[in-house]
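Chemist: Sharing a structure, written as structure tokens. Questions coming.
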Amino acid sequence: MKKLNYLLAFTLGATMLISCGGDKKKDNTTTTPETQTETPAKEENQGVKISISGDDQMKFNKNEIRVPVGEKIILTLKHTGKMDKSVMGHNWVLLAQGTDMTAFATEAAQATATDYIPENGKENVVAHTKVLGGGESDTIEFTITEAGTYDFLCTFPAHFALMQGKLIAE
Ligand SMILES: [Cu+2]
């Protein structure tokens, strides 16, 4: 009888252990819906995708871009032309509000060693892509923290007069 009690106690103990393990598994399954509800939030965090292109006619396909303030912007610049970047290079440069665009572009056009982003004036650059030739593309990420209107331009020499526009963050 004592042996039987011992066996019973042992069995009970083992069952409890198993049920404890089962509880842990249950805990895991209850966290699954939480991770599922996190998924849409992650999608929001993936950012707002913007695309803009430049061509062999020295033009952007957009002169106005609207973005939400405080959200990650994923911007892709595509050069839809065929010309080499040494003759028809394009980049997309976003300037801080209040920047003198003509002065900046003049400085940038001479900055051949730094991909047309001038050392003197780069503090005015909010975001920029690299310079692209025909068929190439570049994607950058940035966040605008202050609502307002920002100038964007291509800083390849002599392009900004035709290749510029406004980014409106709201
Ligand atoms: Cu250009």
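Its first residue numbered 1, the sequence shown is counted upward by one per residue in the UniProt record's numbering.
Even for Gly, the Cβ is constructed at its ideal location relative to N, Cα and C.
(1) Would you check if the distance between the CB atom of G89 and the CB atom of E107 is smaller than 7 Å?
(2) Where does T143 sit, in a helix, a strand or coil, going by DSSP?
(3) For L162, which residues from the same chain have a beta carbon less than 7 Å from its beta carbon, with the 5 sequence-adjacent residues on both sides left out?
(4) Select from S137, I168 and A105 the residue whose C-alpha is nearest the C-alpha of A147.
(5) Buried or exposed for A113, please, with buried defined as at least 16 other CB atoms from any protein chain shown within 10 angstroms of its CB.
(6) How long is the line joining the alpha carbons of M101 and I50, rounded to whole angstroms?
(7) Should M163 be listed as close to ligand 1, given that the test is whether its C-beta is under 6 Å from any heavy atom?
(8) For T80, name the three-state secondary structure that DSSP assigns.
(9) Bridge partners for E64 per DSSP, in chain order?
Modeler: Result, derived from the coordinates:
(1) G89 places its beta carbon 7 Å or farther from that of E107.
(2) Three-state DSSP puts T143 in a strand.
(3) Cβ contact annotation for L162 (same chain, cutoff 7 Å, sequence separation greater than five): M58 and K59, in chain order.
(4) Selected option, being the one with the closest Cα: I168.
(5) Burial is judged here by how many other beta carbons sit within 10 angstroms of a residue's own beta carbon; A113 has fewer than 16 and is exposed.
(6) Straight-line Cα distance between these residues: approximately 22 Å.
(7) Under cutoff, so the answer is yes.
(8) Coil, per DSSP.
(9) Note: E64 is bridge-paired with K166 in the DSSP secondary-structure output.
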